[in-house]
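**Q** Chains as they are written, first to last, in our numbering: chain Z, 431 to 525; chain V, 131 to 612. Cβ coordinates follow ideal geometry from the N, Cα and C atoms, glycine included. Please read these numbers as outputs of a predicted model, since none were measured by experiment. I have a structure I would like to understand better, so I am pasting it below and will then ask my questions one at a time.
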Amino acid sequence: MKISKEEVLHVAKLARLKLSDSEAEALSADMESIIGFANKLNELDTEGVVPTAHAIPMSNAFREDVVKPSYDRDAMLANAPSAEDGGYTVPKVVE
Amino acid sequence: MHTLTAHEIRDKIKNKEMSSKEITKAFLDRIEKVEDKVESYVTILPEEAMKAAETVDEKIAKGESVGALAGVPMALKDNLCTKDILTTCSSKMLHNFRPPYDCTVAQKLKDADTVLLGKLNMDEFAMGSSTENSFFKKTKNPYDITKVPGGSSGGSAACVAADEAAFTLGSDTGGSIRQPASLCGCVGLKPTYGTVSRFGLVAFASSLDQIGPLAKDVTDCALVYDQIVGYDAMDSTSVNRKYASFEKALTGDVCGLKIGVPAEYMGEGISEPVQKAILAALDSFKALGAEYEDMHLPLNEYALPAYYMISSAEASSNLARFDGVKYGFRAEKFDDLVDLYAQTRSEGFGAEVKRRIMIGTYALSSGYYDAYYKKAQQVRTMIMQDFDKAFEKYDVLVTPATPTTAFGIGEKTDDPLQMYMADICTVSVNIAGLPAVVLPCGYDANGLPVGLQIIGKPFGEAAILNAAYALEKNISKVRPTL
Chain Z
431 MKISKEEVLH VAKLARLKLS DSEAEALSAD MESIIGFANK LNELDTEGVV
481 PTAHAIPMSN AFREDVVKPS YDRDAMLANA PSAEDGGYTV PKVVE
Chain V
131 MHTLTAHEIR DKIKNKEMSS KEITKAFLDR IEKVEDKVES YVTILPEEAM
181 KAAETVDEKI AKGESVGALA GVPMALKDNL CTKDILTTCS SKMLHNFRPP
231 YDCTVAQKLK DADTVLLGKL NMDEFAMGSS TENSFFKKTK NPYDITKVPG
281 GSSGGSAACV AADEAAFTLG SDTGGSIRQP ASLCGCVGLK PTYGTVSRFG
331 LVAFASSLDQ IGPLAKDVTD CALVYDQIVG YDAMDSTSVN RKYASFEKAL
381 TGDVCGLKIG VPAEYMGEGI SEPVQKAILA ALDSFKALGA EYEDMHLPLN
431 EYALPAYYMI SSAEASSNLA RFDGVKYGFR AEKFDDLVDL YAQTRSEGFG
481 AEVKRRIMIG TYALSSGYYD AYYKKAQQVR TMIMQDFDKA FEKYDVLVTP
531 ATPTTAFGIG EKTDDPLQMY MADICTVSVN IAGLPAVVLP CGYDANGLPV
581 GLQIIGKPFG EAAILNAAYA LEKNISKVRP TL
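As structure tokens, this is what we get:
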């Protein structure tokens, strides 16, 4: 099982992580060993086996569509690293 | 006074032999005395706790009705949201996060009139088996402070073992309640998936996470579970059913109980002192009128790889919300929005969290989804069928909780796979959504506790707690000396 540094950097980009050179190298080795370990699953024939997402069988949990009090906007924004005029602020995305 | 169990404290307060203020003060004094050595807390709330205790005492003095655990001091793992109280997940990412609401279990324990002493250390975002992945501190095992307390609920387990709270709550995704309970000699319950609301629990792997108690004895474990169990419309995976009191179901009668002992959990990799203590406990069960025999769960060796694919995939998705915009840490320097996300996540997450996000993202990425994520979910189906078959014949299954007693601080931090092996006895239970309880069943030559795990059928908490209760009476408990 070989996972190249390029592959690691591609996955990091998907995961919105920035890795230093040494981090990428260490992760390449770690992922090789962990994904290699996961390859053990290939010893099992799973042809036709239905995948399980949840241990307890359940369908959608519906509720009545009624208006209920929600959280106060300012209380929710109190944790924001940056907020202004009742909204979160982020760097400019549209030129 | 700090050595009292939760049910003893409850009864003494009810009978007016003791006030909540007295016992809360006793625990705060105990924390003052041993916390420097144990380091189980991230946040301690002395003033808030004394105020809450006073409120309970006033209610009792006025003859008002009080909750079932009125005045009992406890503490919560730091991934359980508490209104206006720091909830950090032991991560730099949430070092300053004060939730605007209480998680359902915190609310339920408030309704029961408990007293919150503080929030407990853990592996960052509950990823780890030793609590060494905390951004803040390394919690020590009260039985030997050169050893780890286990993880990820290491703070919750060490806190109970060191008598720094009457009981605590933890969360268990692959063994995170049971493995530290085992290493710290306490009783820990991982309930059936869906029985305890996850609303307000910071999510790690949503299809596996479950909240449960860590306690000084089985009775405490049952009475705390009584308080937190139940349907909650705020959790879409909450199971709508009624539960009878688990505390009242403790009879200690295990006559005719059929115990299966899966050979796969007793062989290679399980240390000799652990095997010896488990076999001795099985003999105790036999003496109490239960029957046991060896049986097989042949797919057990596939549980750990399946677990790491499923849990990491879910984690990579759940942790996408930490981006430096809505709460918590934000990087100081960045070029644009995407760079803000990446920079924040790279500086805010520790090494193990990044590793899991990377593995999960890999397993879910185009070209690998079928080979890893779907494959693991298919193996999950097969493991569940294995358990179903076992429970046609046996009432409960008994296994070691961990392959060894507590290991040294720093001993396994260099090799992630080696650390993952610490959960080899516990992950399959999460994969199948089953309940399991862990309790101390003996001690090794160095005085470190050995944990025994009793696995039950779905919703079979009453049976496993009762079996644990019966065994507990036959084990002489050794307290840590701090």
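1. Tell me the residue span of the beta strand (DSSP E) that contains K249/V.
2. With burial defined as no fewer than 16 other Cβ atoms inside 10 Å of the residue's Cβ, what is the status of T218/V: buried or exposed?
3. Is it buried or exposed for F329/V, if we count other Cβ within 10 angstroms and need 16 for buried?
4. May I ask you to list, following chain order, the residues of the segment 467-495 of chain Z that have a beta carbon less than 7 angstroms from some beta carbon of chain V?
5. Which of the three DSSP states, helix, strand or coil, is assigned to C314/V?
6. At which residues does the alpha helix (DSSP H) containing F415/V begin and terminate?
7. For the segment 497-510 of chain V, which residues have a CB atom closer than 7 angstroms to at least one CB atom of chain Z, in sequence order?
8. What are the uninterrupted segments assigned as alpha helix (DSSP H) that are 4 or more residues long and contained completely in the segment 443-505 of chain Z, given in chain order?
9. List, in order along the chain, the chain Z residues whose C-beta lies closer than 9 angstroms to that of R228/V?
10. Any idea if L266/V is buried or exposed, counting beta-carbon neighbours within 10 angstroms, 16 or more meaning buried?
11. Looking at the secondary structure, which residues open and close the beta strand (DSSP E) in which V608/V lies?
12. With a CB to CB cut of under 6 angstroms and the five nearest residues on each side skipped, what residues in its chain are close to A506/V?
13. If we cut at 8 angstroms on Cβ distances, does K435/Z have a partner in chain A?
14. Helix, strand or coil: which one does DSSP assign to S368/V?
15. Ignore the nearest five residues each way along the sequence and tell me which others in L364/V's own chain have a CB closer than 7 angstroms to its CB.
16. Tell me where the beta strand (DSSP E) around A205/V begins and ends.
17. Just verifying my parser: in three-state terms, what is the DSSP assignment at M425/V?
18. Using only alpha-carbon positions, find the residue among I174/V, I513/V, T212/V and G248/V that is nearest to I561/V.
19. Strictly below 7 angstroms CB to CB, what residues from chain Z border A374/V?
20. Based on the DSSP output, what are the partners of V526/V in its beta bridges?
21. Of the choices R446/Z, K435/Z, A513/Z and M431/Z, whose alpha-carbon is the least far from that of S536/Z?
22. Decide if C385/V is buried, meaning its Cβ has at least 16 other Cβ atoms within 10 Å, or exposed.
23. Name the chain Z residues that come within less than 7 angstroms of Q583/V, Cβ to Cβ?
24. Which stretch, first to last residue, makes up the alpha helix (DSSP H) that contains L595/V?
25. Using 8 angstroms as the limit for Cβ to Cβ distance, is R328/V near chain Z?
26. Does the beta-carbon distance from V523/Z to L467/V come in below 8 angstroms?
27. Near L434/V, which residues of its chain fall below 8 angstroms by C-beta distance, leaving aside the five closest residues on each side in sequence?
28. Applying the criterion that 16 or more other CB atoms from any shown protein chain within 10 Å of the CB defines a buried residue, is D293/V buried or exposed?
29. Taking beta-carbon pairs under 9 angstroms, can you tell me which members of the segment 451-463 of chain V lie near chain Z?
30. Return helix, strand or coil for V278/V, following the three-state DSSP convention.
31. Leaving aside the five residues before and after Y457/V along the sequence, list all residues of the same chain whose C-beta is less than 8 angstroms from its C-beta, in chain order.
32. Quick check on this structure: which residue in A287/V, T133/V, Q405/V and Y361/V has the alpha carbon closest to the alpha carbon of Y171/V?
33. Where does the unbroken alpha helix (DSSP H) through I139/V begin, and where does it stop?
34. Where does T491/V fall in DSSP's three states?
35. If we ignore side chains and look at the alpha-carbon of each, how far apart do D500/V and A493/V end up?
36. Any beta-carbon of chain Z closer than 8 angstroms to the one on Q473/V?
**A** In this structure, then:
1. Its beta strand (DSSP E) spans residues V245 to L250.
2. By the 10 Å Cβ count, T218/V comes out buried.
3. Classification of F329/V: buried, given that the 10 Å Cβ count is 16 or more.
4. Within the segment 467-495 of chain Z, the qualifying residues are F467, A468, K470, L471, L474, T476, V479, V480, P481, T482, A483, H484, A485, I486, M488, A491 and R493.
5. Correct three-state label for C314/V: helix.
6. That run of the alpha helix (DSSP H) goes E402 to A417.
7. Against chain Z - using a Cβ distance shorter than 7 angstroms - the residues of the segment 497-510 of chain V are Y502, K504, K505, A506, Q507, Q508, V509 and R510.
8. Fully enclosed alpha helix (DSSP H) runs of 4 or longer: 451-468.
9. Taking the beta carbon of R228/V as reference, the chain Z residues within 9 angstroms of it are A508 and N509, listed in sequence order.
10. A small fix is needed here, since residue 266/V is Phe in this sequence, not Leu. Burial is judged here by how many other beta carbons sit within 10 angstroms of a residue's own beta carbon; F266/V has at least 16 and is buried.
11. First-last for V608/V: undefined, no H or E at that position.
12. A436, M439 and I440.
13. Annotation note: the requested chain A is absent from the structure, which comprises protein chains Z and V.
14. Here S368/V sits in coil by DSSP.
15. In the sequence on display, residue 364/V carries Met and not Leu. The residues are T234, S327 and F329.
16. Going by DSSP, A205/V is part of the beta strand (DSSP E) stretching over P203 to K207.
17. Strand, per DSSP.
18. It is I513/V.
19. Listed along chain Z, no residue sits closer than 7 angstroms to A374/V by beta-carbon distance, the nearest being about 19 angstroms off.
20. By DSSP's assignment, V526/V forms a beta bridge with I389/V.
21. What is shown of chain Z runs 431 to 525, which leaves residue 536/Z out entirely.
22. Exposed: under 16 other Cβ atoms inside 10 Å.
23. Neighbours of Q583/V in chain Z, taken as residues whose beta carbon is under 7 angstroms from its own, are absent, since the nearest beta carbon is some 17 angstroms off.
24. Unbroken alpha helix (DSSP H) run through L595/V: E591 to E602.
25. So no, R328/V is outside the interface.
26. A contact, by the Cβ cut-off of 8 angstroms.
27. For L434/V, where only same-chain residues beyond five positions count, the Cβ hits under 8 angstroms are Y550, M551, D553, I554 and V557.
28. D293/V counts as buried, since at least 16 other C-beta atoms from the protein chains shown sit within 10 angstroms of its C-beta.
29. Listed by position, the residues of the segment 451-463 of chain V near chain Z (Cβ gap below 9 angstroms) are D453, G454, V455, K456, Y457, G458, F459 and R460.
30. The answer is coil: DSSP assigns V278/V none of H, G, I, E or B.
31. Counting only Cβ-Cβ distances below 8 angstroms, and skipping sequence neighbours, we find L224 and F227.
32. Closest in alpha carbon position to Y171/V, among A287/V, T133/V, Q405/V and Y361/V, is A287/V.
33. Counting along the chain, the alpha helix (DSSP H) containing I139/V begins and ends at A136 to K144.
34. Note: T491/V maps to helix in three-state DSSP.
35. Straight across, the Cα-Cα distance linking D500/V with A493/V is about 8 angstroms.
36. Yes, Q473/V lies at the interface with chain Z (some Cβ there is under 8 angstroms from its Cβ).
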